[in-house]
């Protein structure tokens, strides 16, 4: 069975990530296939629009296949634990190339973000021209829980969110729904999951239209749930808390503002729990990465993220976090170091140390990719 299914109807190209058992997690094989298809269709004049979905009803995409990545890390430790495993480098170069391709695609890409949309799944959704969520959508950038940081272009799209929401969501891994996604600007349309097939039928009908862009916008707007029919956005209800985070310059200030609220607010408590249990190293790295990348271009974001993510493959917390959460499932990661106070500036800096010169960087010509 193919891990990525394709179907072309009239001038509409339909891509289905077909790994329902893994909640459509992105393996190296899947991201390689997505890259191949999107590049092929970009240059195919018969395809005017792309529709991207996940198999099944549970998830569009729950993120990267981090089990596969961790295995590559552990296997390579026996060869050279100081070097980035070649498979990991290939994986992240390919995954980020797909994300960048979606952000810069010359044709409309409609992403059906139904069910779980987390990590790498949110990376696929964020750059699309038409981003759809449903009443079942559950979104997050939960990397702090596995000793990583929000990647897949999150340094760009989290910083595009209003106020300090991007920083808050990156540090806490807070889950949010479709109504929140609209408020945060990470989705464009809230459409009932039950109408997907009819929308696909209509997309096929309009795919050959000379006014495709206008007709596509009109179709999705007409099918969207009006704002009066949406659930209340919990993110929106916490505007004042998030606004208080706008001027902060340190993790300590973040804690001083959020911790007291978490004691009496269920939404904040849920996210703050991820923060307190997450990797102390990740906390400091996330704060620095999101602060430094506020004004990065899309190209600068993917260059910096590729370096940072590859550094995480030779630092201990990423592999340990995946072990505790998904392999042994003991939920007891042994973080290095194990407290915020023990994370030194030198340790943080080691995650940002360049692995390549500007001329050697795999994304030096990313615009021409």
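Residue numbers (the UniProt record's numbering): 1 to 369.
Just so it is clear, CB atoms sit at the ideal spot from N, CA and C, and this is done for glycine as well.
All figures in this text were calculated on a predicted structure; none of them were measured in a lab.
Reduced DSSP secondary structure (H/G/I, E/B, other) of residue 12 | Reduced to three states, the DSSP call for residue 12 is strand.
Alpha helix (DSSP H) segments (min. 4 residues) lying fully within the segment 26–85 = With a minimum length of 4 residues, the continuous alpha helix (DSSP H) runs that stay inside the segment 26–85 are 28–42 and 66–77.
For residue 307, count neighbouring C-beta atoms within 10 Å of its own C-beta (all shown protein chains included) and say buried if the count is 16 or more, exposed if not.
-> buried
So the alpha helix (DSSP H) residue 131 belongs to, where does it begin and stop?
-> Premise fails: residue 131 lies in the beta strand (DSSP E), 130–133, not in any alpha helix (DSSP H).
Does DSSP put residue 113 in a helix, in a strand, or in coil?
-> If DSSP states are grouped into helix, strand and coil, residue 113 belongs with the strands.
Residue 49 and residue 72: beta carbons closer than 7 angstroms?
-> Cβ distance not < 7 angstroms, so residue 49 and residue 72 don't count as in contact.
Quick one: give me the first and last residue of the alpha helix (DSSP H) that residue 221 is part of.
-> 212–223
Pairwise C-alpha distance: residue 341 and residue 197 | 52 angstroms
Is there contact between the segment 188–208 and the segment 127–139, where contact requires at least three CB pairs shorter than 8 angstroms?
-> yes
Rounded to a whole number of angstroms, what is the C-alpha to C-alpha distance between residue 26 and residue 202?
-> 29 angstroms
Using 8 angstroms as the threshold, is the segment 275–288 in touch with the segment 315–325, meaning 3 or more CB pairs across them?
-> The segment 275–288 makes contact with the segment 315–325; the number of CB pairs closer than 8 angstroms reaches 3 or more.
Spatial distance of residue 32 from residue 329 (CA atoms) = 29 angstroms
Would the beta-carbon of residue 187 fall within 7 angstroms of that of residue 131?
-> yes
Beta-ladder partner(s) of residue 17, from DSSP | The partner list for residue 17 (beta bridge, DSSP) reads 4 and 54.
Distance between residue 60 and residue 115 (C-alpha atoms, nearest Å) | 6 angstroms
Given residue 183 as reference, the closest of 162, 172, 199 and 171 once Cα atoms are compared = 162
Which one of 245, 34, 276 and 217 has the shortest CA to CA distance from residue 16?
-> 34
Provide the residue span of the beta strand (DSSP E) that contains residue 23, from first to last.
-> Note, residue 23: premise wrong, no beta strand (DSSP E); not H, not E.
For the beta strand (DSSP E) that contains residue 139, what are its first and last residues?
-> 138–140
What did DSSP end up calling residue 189 once you bin it into helix, strand or coil?
-> strand
Can you tell me the Cα-Cα spacing of residue 91 and residue 228, whole angstroms?
-> 42 angstroms
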